[in-house]
Amino acid sequence: MRRVVGEDGIREAAALLCAGGIVAFPTETVYGLGADALSDTAVRRIFAAKGRPSDNPLIVHVADQEGARRLARRWSDLAERLAARFWPGPLTLVVPARPEVASAARAGLDTVGVRCPNHPLALRLLRAAALPLAAPSANRSGRPSPTTAEAVLEDLAGADGLVLDGGPSGIGVESTVVDVSTGMPVLLRPGGLGREELEAVAGPLLSVGDGAGAPRAPGMKYRHYAPTLPVRLLRLQPEAAIEMIRTHFDPADTAVLAATAVRQALTAYRGVDLGPDADSAAAGLFEGLRRLEREPGLVRIVAVWSETRGRGLAVMNRLEKAAGEGHHV
Ligand code: AMP
Ligand code: MG
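Residues 3 to 331 in this note's numbering are what the sequence shown lists, from first letter to last.
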């Protein structure tokens with residue numbers, strides 16, 4: 003991959019996308035790896051570059067609600083209300099798909115996940131290419147998502163394409179995914195938009211696992227977000243976590259990834275300070291995991307997290323996946 007910036011970068015990236023190539027670009031959540039969502043050949047290049055299983059569908063990015071409607075076979079009142087309230091922003095809506103959406107992007111399903119990203123470079127790229135862009139996170143499959151162009155290059159340097167460098171992504175975890183393709187909205191993946199904010203507009207949401215009969219929620223089936231070091235997740239309040247770590251883990255081989263209250267009590271350990279709250283934790287999580295895997299002499303990362311409000315639910319979900327918990331094959 004070659005790094006490009008600025009207006010010239012956008013022009014070159016748009017031309018490559020129109021020719022069926024792949025381009026990594028910044029969004030407000032994480033960096034995406036994009037291709038023409040109407041072309042199976044182009045979309046397959048994303049799967050090949052990432053080593054992603056072909057049954058895991060991609061999110062299609064659009065410049066506005068009009069662009070989303072052009073991909074949807076049906077655009078419900080609820081989709082309309084959610085898009086009006088939260089777009090551009092970190093919310094993906096799964097809706098019935100028109101057949102023009104590349105089958106590879108839908109993983110063969112008759113639905114498509116669509117979102118309008120809240121990032122000036124992403125929006126300019128979408129307008130310059132004048133295409134819907136299928137774009138999963140721009141990491142090797144299974145790895146922590148990239149929040150900088152450097153992290154994209156760490157994973158995908160060998161791939162044929164461009165990375166449009168726009169500096170760090172602000173939110174740091176992926177979008178919240180809601181299935182609104184049936185009468186029963188289902189939260190498929192927690193993310194940058196808090197469940198509470200979403201439910202204030204959509205009403206109570208079912209979760210995957212509530213027997214909602216939801217379509218597959220990718221990111222649930224496969225191991226995800228995992229650094230090369232094993233992660234242990236402690237769902238404990240600060241006092242209990244500090245005690246547990248001091249008792250059981252050696253500062254020589256264990257790093258601690260936790261909010262400031264815990265980190266400050268454990269200065270003997272290397273680690274990552276996730277800051278004071280769920281928003282700072284989301285912003286620093288993936289970069290923190292990537293940084294720790296480069297530290298010599300570590301055999302494990304102990305992560306401490308207990309907040310599930312707002313972005314805290316997404317942080318918990320990503321840490322569970324990084325720790326290898328939950329359903330994966
Ligand atoms: P990624 O871009 O790697 O974060 O992955 C995109 C995620 O969006 C998938 O893992 C799914 O959770 C979700 N998704 C995209 N399209 C669909 C769809 N048609 N049905 C259900 N989930 C979807
Ligand atoms: Mg991903």
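All residues carry an ideal CB built from backbone N, CA and C; glycine is no exception.
Inter-residue Cα distance where the pair is residue i and residue j
{"i": "residue 266", "j": "residue 325", "result": "23 angstroms"}
{"i": "residue 250", "j": "residue 8", "result": "49 angstroms"}
{"i": "residue 55", "j": "residue 49", "result": "7 angstroms"}
{"i": "residue 290", "j": "residue 148", "result": "11 angstroms"}
{"i": "residue 44", "j": "residue 38", "result": "6 angstroms"}
{"i": "residue 187", "j": "residue 193", "result": "16 angstroms"}
{"i": "residue 323", "j": "residue 143", "result": "13 angstroms"}
{"i": "residue 109", "j": "residue 172", "result": "29 angstroms"}
{"i": "residue 391", "j": "residue 196", "result": "In the structure as shown, the chain starts at 3 and stops at 331, and residue 391 therefore has no counterpart that could be examined."}
{"i": "residue 42", "j": "residue 255", "result": "46 angstroms"}
{"i": "residue 278", "j": "residue 207", "result": "28 angstroms"}
{"i": "residue 62", "j": "residue 252", "result": "45 angstroms"}
{"i": "residue 234", "j": "residue 159", "result": "29 angstroms"}
{"i": "residue 78", "j": "residue 237", "result": "38 angstroms"}
{"i": "residue 336", "j": "residue 198", "result": "Residue coverage of the chain in this structure runs from 3 to 331, which leaves residue 336 outside it and unanswerable."}
{"i": "residue 312", "j": "residue 280", "result": "7 angstroms"}
{"i": "residue 243", "j": "residue 53", "result": "36 angstroms"}
{"i": "residue 18", "j": "residue 239", "result": "49 angstroms"}
{"i": "residue 275", "j": "residue 293", "result": "12 angstroms"}
{"i": "residue 80", "j": "residue 297", "result": "47 angstroms"}
{"i": "residue 75", "j": "residue 32", "result": "28 angstroms"}
{"i": "residue 157", "j": "residue 229", "result": "12 angstroms"}
DSSP three-state assignment for residue i, whether helix, strand or coil
{"i": "residue 112", "result": "coil"}
{"i": "residue 226", "result": "coil"}
{"i": "residue 214", "result": "Any reading at residue 214 must be qualified, since the residue scores a pLDDT of 48, below 50, and its modelled position is unreliable; the value itself is stated next. Three-state DSSP puts residue 214 in coil, outside helix and strand."}
{"i": "residue 299", "result": "coil"}
{"i": "residue 330", "result": "Since pLDDT at residue 330 reaches only 45, below the 50 mark, its modelled position is unreliable, and no value is offered."}
{"i": "residue 94", "result": "strand"}
{"i": "residue 11", "result": "helix"}
{"i": "residue 256", "result": "strand"}
{"i": "residue 178", "result": "strand"}
{"i": "residue 286", "result": "helix"}
{"i": "residue 121", "result": "coil"}
{"i": "residue 81", "result": "helix"}
{"i": "residue 325", "result": "coil"}
{"i": "residue 251", "result": "coil"}
{"i": "residue 173", "result": "coil"}
{"i": "residue 145", "result": "coil"}
{"i": "residue 280", "result": "helix"}
Selection from the options that minimises the alpha carbon distance to residue i
{"i": "residue 113", "options": "170, 320, 44 and 58", "result": "58"}
{"i": "residue 241", "options": "54, 124, 170 and 268", "result": "268"}
{"i": "residue 191", "options": "295, 36, 302 and 93", "result": "93"}
{"i": "residue 137", "options": "239, 36, 145 and 170", "result": "36"}
{"i": "residue 182", "options": "156, 247 and 200", "result": "200"}
{"i": "residue 51", "options": "296, 102 and 154", "result": "154"}
{"i": "residue 272", "options": "282, 247 and 285", "result": "247"}
{"i": "residue 71", "options": "41, 320 and 99", "result": "99"}
{"i": "residue 87", "options": "76, 120 and 104", "result": "120"}
{"i": "residue 210", "options": "152, 189, 95 and 226", "result": "189"}
{"i": "residue 105", "options": "73, 17 and 319", "result": "73"}
{"i": "residue 227", "options": "85, 140, 243 and 245", "result": "140"}
{"i": "residue 97", "options": "89, 117 and 91", "result": "117"}
{"i": "residue 321", "options": "83, 150 and 284", "result": "284"}
{"i": "residue 40", "options": "150, 77 and 101", "result": "101"}
{"i": "residue 170", "options": "157, 83 and 151", "result": "151"}
{"i": "residue 316", "options": "33, 205 and 174", "result": "174"}
{"i": "residue 204", "options": "85, 297 and 257", "result": "85"}
{"i": "residue 16", "options": "107, 33, 80 and 123", "result": "123"}
{"i": "residue 319", "options": "53, 176 and 34", "result": "176"}
{"i": "residue 2", "options": "47, 185 and 257", "result": "Outside the displayed span of the chain (3 to 331) sits residue 2, for which this structure offers no information."}
{"i": "residue 34", "options": "146, 75 and 76", "result": "146"}
Quick test of the definition: if touching needs 3 or more C-beta pairs under 8 angstroms, does the stretch 127-142 touch the stretch 20-30? Verdict: yes, contact present.
Quick one, what's near ligand 2 if you take every residue whose CB is closer than 6 angstroms to any heavy atom, in chain order? Those residues, listed in chain order, are 138, 139 and 147.
Between the stretch 256-274 and the stretch 302-316, do three or more beta carbon pairs fall short of 8 angstroms? yes
With a threshold of 8 angstroms, are at least 3 pairs of Cβ atoms found where one atom belongs to the stretch 62-82 and the other to the stretch 114-129? Between the stretch 62-82 and the stretch 114-129, the count of Cβ pairs shorter than 8 angstroms is three or higher; the stretches touch.
Can you confirm whether the stretch 3-18 touches the stretch 158-170 when touching is taken to mean that 3 or more C-beta pairs between the two stretches lie within less than 8 angstroms? yes
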